[in-house]
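Chemist: One structure, as structure tokens, below. Some questions next.
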Amino acid sequence: MPAPLRLYNTLSRTIEPVDPIEPGQLRIYVCGMTVYDHCHVGHARAMIVYDTLVRYLRHRGWTVTFVRNFTDIDDKIIQRAAAEGTTPEEVAERFIDSFHRDMDGLGLVRPDMEPRVSGTIDEIVAMIGRILDAGHAYVNQGTVWFDVASYPEYGALSGQRPDELRSDDPDKGKRHSADFALWKAARPDEPSWPSPWGSGRPGWHIECSAMCAATLGQEIDIHGGGLDLVFPHHENEIAQSQCSHGGQRFVRHWMHNGLLTAGAGTKAGGRAHRDAEAEQVDQKMGKSKNNAFVIHQALELVPAEAIRLYYLQTHYRSPLPWSDDSLLESLAMLARLYEAREQAEQMGGSEPLPKVVEAIGAEARTVVELARALPERIDRAMDEDFNTAMALGHAFELARAINRLGNQKQARRRGGPIAAEALAALSYLGPTLGLLQQGTEAFHDEVATKRLAALGLSREAVQSLVDDRQHARQQKDWAKADALRGQLEQMNISLMDTPKGPVWRVKL
RNA sequence: GGCGCCGUACCCAAGUGGUUAAGGGAGAGGUUUGCAAAACCUCCAUUCACCGGUUCGAAUCCGGUCGGCGCCUCCA
Numbered sequence: 005m006p007a008p009l010r011l012y013n014t015l016s017r018t019i020e021p022v023d024p025i026e027p028g029q030l031r032i033y034v035c036g037m038t039v040y041d042h043c044h045v046g047h048a049r050a051m052i053v054y055d056t057l058v059r060y061l062r063h064r065g066w067t068v069t070f071v072r073n074f075t076d077i078d079d080k081i082i083q084r085a086a087a088e089g090t091t092p093e094e095v096a097e098r099f100i101d102s103f104h105r106d107m108d109g110l111g112l113v114r115p116d117m118e119p120r121v122s123g124t125i126d127e128i129v130a131m132i133g134r135i136l137d138a139g140h141a142y143v144n145q146g147t148v149w150f151d152v153a154s155y156p157e158y159g160a161l162s163g164q165r166p167d168e169l170r171s172d173d174p175d176k177g178k179r180h181s182a183d184f185a186l187w188k189a190a191r192p193d194e195p196s197w198p199s200p201w202g203s204g205r206p207g208w209h210i211e212c213s214a215m216c217a218a219t220l221g222q223e224i225d226i227h228g229g230g231l232d233l234v235f236p237h238h239e240n241e242i243a244q245s246q247c248s249h250g251g252q253r254f255v256r257h258w259m260h261n262g263l264l265t266a267g268a269g270t271k272a273g274g275r276a277h278r279d280a281e282a283e284q285v286d287q288k289m290g291k292s293k294n295n296a297f298v299i300h301q302a303l304e305l306v307p308a309e310a311i312r313l314y315y316l317q318t319h320y321r322s323p324l325p326w327s328d329d330s331l332l333e334s335l336a337m338l339a340r341l342y343e344a345r346e347q348a349e350q351m352g353g354s355e356p357l358p359k360v361v362e363a364i365g366a367e368a369r370t371v372v373e374l375a376r377a378l379p380e381r382i383d384r385a386m387d388e389d390f391n392t393a394m395a396l397g398h399a400f401e402l403a404r405a406i407n408r409l410g411n412q413k414q415a416r417r418r419g420g421p422i423a424a425e426a427l428a429a430l431s432y433l434g435p436t437l438g439l440l441q442q443g444t445e446a447f448h449d450e451v452a453t454k455r456l457a458a459l460g461l462s463r464e465a466v467q468s469l470v471d472d473r474q475h476a477r478q479q480k481d482w483a484k485a486d487a488l489r490g491q492l493e494q495m496n497i498s499l500m501d502t503p504k505g506p507v508w509r510v511k512l
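Going by my numbering, the first residue of the first sequence is number 5, and it counts up by one from there.
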């Protein structure tokens, strides 16, 4: 049996055990993208949160079926196609490709299914038919409206009551301003499909209900998405799904990730003036707010795992401010983990563990204790509402202990058996959090490539200064060596003299 | 107007009834070093926006005040 997991359920507003429909199995549906533009780092947060969840659940023994859709029929896609003089299909296809490139770049697992609205039209039409038959919808001039008043449970997820909503809709033929379109009557120059109510296309919310049922069945275990989807999108999904399935419960566990915010003043430590320009407050990131930072740009600055760490440092339900400075800070944190691992990798010796521990003493014991405890501590944090931040905190405690041990000459020579324990523990970060999955060299190389590009420097330029300094040092021309070091420092390159020769790194 | 979330050190951030309030970054001092860098050590919130209340005991529960954010139009 897989390990039990407790998660916050938006429906009950409490942390509850995940209670699967079938023992050991979880059917998870996550709202994906409307593909009318490139994804920004706010979308990346949602994608990374659910990717981490799925990885972790599988690692803990669950059989997970993970579905994430593409909304490829939508007003904005149609608008963009019209503006570019192309077809909605072409626009959707282009941004689905872009999405896949971004997700691959971020190192995310592919969902088991990625249904598209355009491939689910028959199911959508059938579902709308059942909703009409059940008396929860009405037709007006080729448009089918969901009849909110017919469904007393409406609002259970979001706490909204239809009559209390701000209603600024001009009358479009609805009975109640909270009613929403299941099927939109065809308009000229827009894609449309035949239906019993005339040609048209699906409304915004029905696709997810239909794709969910088509891929996972009438009832699913976990439905995820951004907090901004709670109302109306998910509220409407519940209404549609349950009204078309004879009242059958739709979702057992509703999971919502907090949003990324943008627009805060500088966070650069030490000089956070409170001047007028820094008075901007955090605002949700979004294209309409014109403050979006695209995933592709972020991946040019840092390795994918740094972006991942950025998000996992904060609990998934909290809002998270985005800033370039914080992104670089996350990279520095990631490097700290990689460097601790490297430190462990370099410890030699193959004596029996107890003997080495005995010889080295307290520092060795601490590493062994923390290493052995780490997997369980990570699991405990993750099993209680997916607390990735706490899990990471534990990992950093081990990293510090490894470094402390590595400061001892004797440990570097004989600490191998202790390091093996630490390495095993650190490798636990892969299947659980998706971190430390690169080789040490590959990591340093990627960091150097991306950071040098960001600084406008070339490896050759750096290397030649490093070489010059090395010559100066060999001639004990300390003044010249220090001058060259200073020059590198100015370029944001720090130089480390190691027993194996000088090693340089871009300062993080 | 309605619904909901949040306010923890210089910054980011975990903790949500009970021994010393995780972790990261910045800062100060030290160890180490030709000098450095990295790393390590020490210091850096007797205190969790504010005010009341419940309790033997609260950052954690309840009420109020102030401040911020999200949703109610498309949104991860």
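Cβ atoms here follow ideal geometry from the backbone N, Cα and C, with glycine treated the same way. Since we're looking at a predicted model, the values are computed, not measured.
So which of T14, F74 and L459 has the shortest CA-CA distance to Y40?
Modeler: Here residue 40 refers to the residue found at position 36 of the first sequence. Here the closest residue by C-alpha is F74.
Chemist: Might you give, ordered along the chain, the residues of its own chain that have their beta carbon closer than 7 Å to the beta carbon of M117, omitting 5 neighbours on each side?
Modeler: For the purposes of this step, residue 117 is taken as the residue at position 113 of the first sequence. Correct list, in chain order: V71 and T219.
Chemist: Can you list, in chain order, the residues of its chain with a C-beta nearer than 7 Å to that of R477? Leave out the 5 residues immediately preceding and following it.
Modeler: Here residue 477 corresponds to residue number 473 of the first sequence, with the count starting at 1. Around R477: A485.
Chemist: Fully enclosed by the region 125-161, which beta strand (DSSP E) runs are 3 residues long or longer?
Modeler: Within the region 125-161, the complete beta strand (DSSP E) runs of at least 3 residues are 141-144 and 147-150.
Chemist: Just the C-alpha distance for L499 and S334, rounded to the nearest angstrom, thanks.
Modeler: Position 495 of the first sequence holds residue 499. Position 330 of the first sequence holds residue 334. About 21 Å.
Chemist: Evaluate contact between the region 79-94 and the region 137-148, counting only Cβ atoms and requiring at least three cross-stretch pairs below 8 Å.
Modeler: No, the region 79-94 is not in contact with the region 137-148.
Chemist: Alpha carbon to alpha carbon, how far is G228 from V143? Give it in angstroms, no decimals.
Modeler: Position 139 of the first sequence, counted from the first residue, corresponds to residue 143. Position 224 of the first sequence, counted from the first residue, corresponds to residue 228. Spanning the two alpha carbons is a distance of roughly 31 Å.
Chemist: Given 8 Å as the limit, is there contact between the region 191-209 and the region 120-129, that is, 3 or more CB pairs closer than that?
Modeler: At 8 Å Cβ cutoff, the stretches touch.
Chemist: In its own chain, which residues sit with a C-beta less than 7 Å from the C-beta of C212, not counting the 5 before and 5 after it?
Modeler: Mapped onto the first sequence, residue 212 falls at position 208. So the list reads C35, N73 and E241, once near-sequence residues are dropped.
Chemist: Suppose you measure from the CA of A446 to the CA of H238; what does that come to, to the nearest Å?
Modeler: For the purposes of this step, residue 446 is taken as residue 442 along the first sequence, with counting starting at 1. For the purposes of this step, residue 238 is taken as residue 234 along the first sequence, with counting starting at 1. If you take the alpha carbons of A446 and H238, they lie about 42 Å apart.
Chemist: Y40 by DSSP, collapsed to three states: which one?
Modeler: Along the first sequence, one-based indexing puts residue 40 at 36. The answer is coil: DSSP assigns Y40 none of H, G, I, E or B.
Chemist: Can you name, in chain order, every residue of its own chain whose Cβ lies under 6 Å from the Cβ of R114, other than the five neighbours on each side?
Modeler: Locating residue 114 in the first sequence gives position 110, counting from the first residue. Same-chain partners within the cutoff: there are none.
Chemist: How far does the alpha helix (DSSP H) with A423 in it extend, from its first residue to its last?
Modeler: Here residue 423 is taken as the residue at index 419 of the first sequence, counted from 1. Note, A423: alpha helix (DSSP H), G420 to L430.
Chemist: Quick one: what does DSSP say I364 is sitting in, helix, strand or coil?
Modeler: Counting from 1 along the first sequence, the entry for residue 364 is found at position 360. The answer is helix: DSSP assigns I364 an H, G or I state.
Chemist: Here's a check: name, in chain order, each residue in its chain whose Cβ is nearer than 8 Å to the Cβ of E304, leaving out the five neighbours to either side.
Modeler: Taking the first residue of the first sequence as 1, we reach residue 304 at position 300. The residues are K454, A457 and A458.
Chemist: Using 6 Å as the cut-off, classify the Cβ of Q246 as near or not near the heavy atoms of the ligand GTP, replying yes or no.
Modeler: As presented, the structure is devoid of all ligands, the ligand GTP included, so that no description of it is given.
Chemist: Given that a residue counts as buried once 16 or more other Cβ atoms are within 10 Å of its Cβ, and exposed if not, what is T69?
Modeler: In the first sequence, residue 69 corresponds to position 65, counting from 1. Per the 10 Å Cβ criterion, buried.
Chemist: Spatial neighbours of L357 within its chain, please: C-beta separation below 6 Å, excluding the five flanking residues on both sides.
Modeler: Numbered from its first residue, the first sequence carries residue 357 at position 353. Cβ within range, chain order: P421.
Chemist: Closer than 7 Å by C-beta to L264: which residues in its own chain qualify, once you throw out the five before and the five after it? Chain order, please.
Modeler: Translated into positions along the first sequence, residue 264 becomes position 260. Answer for L264: V45, G46, R49, M289, L324 and W326, listed in chain order.
Chemist: Answer yes if the region 422-436 comes into contact with the region 344-362, meaning at least three C-beta pairs across the two stretches below 8 Å, and no otherwise.
Modeler: At 8 Å Cβ cutoff, the stretches touch.
Chemist: Quick check on DSSP: helix, strand or coil for N240?
Modeler: As a position in the first sequence, residue 240 is number 236, starting the count at 1. In this structure, N240 counts as helix in the three-state DSSP scheme.
Chemist: K178 to D151, Cα distance in whole Å?
Modeler: Here the question's residue 178 lines up with position 174 in the first sequence. Here the question's residue 151 lines up with position 147 in the first sequence. Cα to Cα, the separation comes out at about 9 Å.
Chemist: Would the beta-carbon of D389 fall within 7 Å of that of Y12?
Modeler: Here residue 389 refers to the residue found at position 385 of the first sequence. Here residue 12 refers to the residue found at position 8 of the first sequence. Contact flag set, yes.
Chemist: How about W66 and V148: do their beta carbons lie closer than 7 Å?
Modeler: Within the first sequence, residue 66 is the residue found at index 62, counting from 1. Within the first sequence, residue 148 is the residue found at index 144, counting from 1. No, the pair does not count as a contact, with Cβ atoms beyond the cut-off.
Chemist: Tell me, please, whether the region 51-66 touches the region 427-439 by the rule of three or more beta-carbon pairs shorter than 8 Å.
Modeler: Yes, the region 51-66 is in contact with the region 427-439.
Chemist: If I'm right that Y315 touches V53 with Cβ under 8 Å, what's the distance once you round it to whole angstroms?
Modeler: Indexing the first sequence from 1 puts residue 315 at position 311. Indexing the first sequence from 1 puts residue 53 at position 49. Going by Cβ atoms, the distance from Y315 to V53 rounds to 7 Å, so yes, they are a contact pair.
Chemist: Could you please give the first and the last residue of the uninterrupted alpha helix (DSSP H) stretch that includes H227?
Modeler: For the purposes of this step, residue 227 is identified with residue 223 of the first sequence, where counting begins at 1. Segment I224 to G230 is the beta strand (DSSP E) holding H227; no alpha helix (DSSP H) there.
Chemist: Counting only runs that start and end within the region 299-362, where is the alpha helix (DSSP H) found for 4 or more residues in a row?
Modeler: 299-305, 308-316 and 328-349, all fully within the region 299-362.
Chemist: Roughly how many angstroms separate the alpha carbons of G262 and T392, rounded to a whole number?
Modeler: Indexing the first sequence from 1 puts residue 262 at position 258. Indexing the first sequence from 1 puts residue 392 at position 388. So the alpha carbons of these two residues sit roughly 14 Å apart.
Chemist: Please go through the same chain and pick out, in chain order, the residues whose beta-carbon is closer than 7 Å to the beta-carbon of G230, but skip the five residues on each side of it.
Modeler: Numbered from 1 along the first sequence, position 226 holds the residue referred to as residue 230. Correct list, in chain order: A50, H260, N261 and L263.
Chemist: Got a sec? Which residues, its chain only, sit under 6 Å from V507 by beta carbon, not counting five neighbours each side?
Modeler: What you label residue 507 is simply residue 503 of the first sequence in a count that begins at 1. Excluding residues within five positions, the ones whose Cβ falls inside 6 Å are M500.
Chemist: Buried or exposed, going by whether 16 or more other CB atoms sit within 10 Å of the CB of S468?
Modeler: Taking the first residue of the first sequence as position 1, residue 468 is located at position 464. By the 10 Å Cβ count, S468 comes out exposed.
Chemist: Give the straight-line distance between the Cα atoms of Y33 and E380, rounded to the nearest whole angstrom.
Modeler: What you label residue 33 is simply residue 29 of the first sequence in a count that begins at 1. What you label residue 380 is simply residue 376 of the first sequence in a count that begins at 1. C-alpha separation (whole angstroms): 28 Å.
Chemist: Ends of the beta strand (DSSP E) at K511?
Modeler: As a working note, residue 511 is residue 507 in the first sequence. Where K511 is concerned, there is no enclosing beta strand (DSSP E), given that its DSSP letter is neither H nor E.
Chemist: Given that a residue counts as buried once 16 or more other Cβ atoms are within 10 Å of its Cβ, and exposed if not, what is S171?
Modeler: For the purposes of this step, residue 171 is taken as residue 167 along the first sequence, with counting starting at 1. Exposed.
Chemist: Here's a check: name, in chain order, each residue in its chain whose Cβ is nearer than 7 Å to the Cβ of L374, leaving out the five neighbours to either side.
Modeler: Position 370 of the first sequence, counting from 1, holds the residue named residue 374. Result list for L374: E401, L402 and A405, in chain order.
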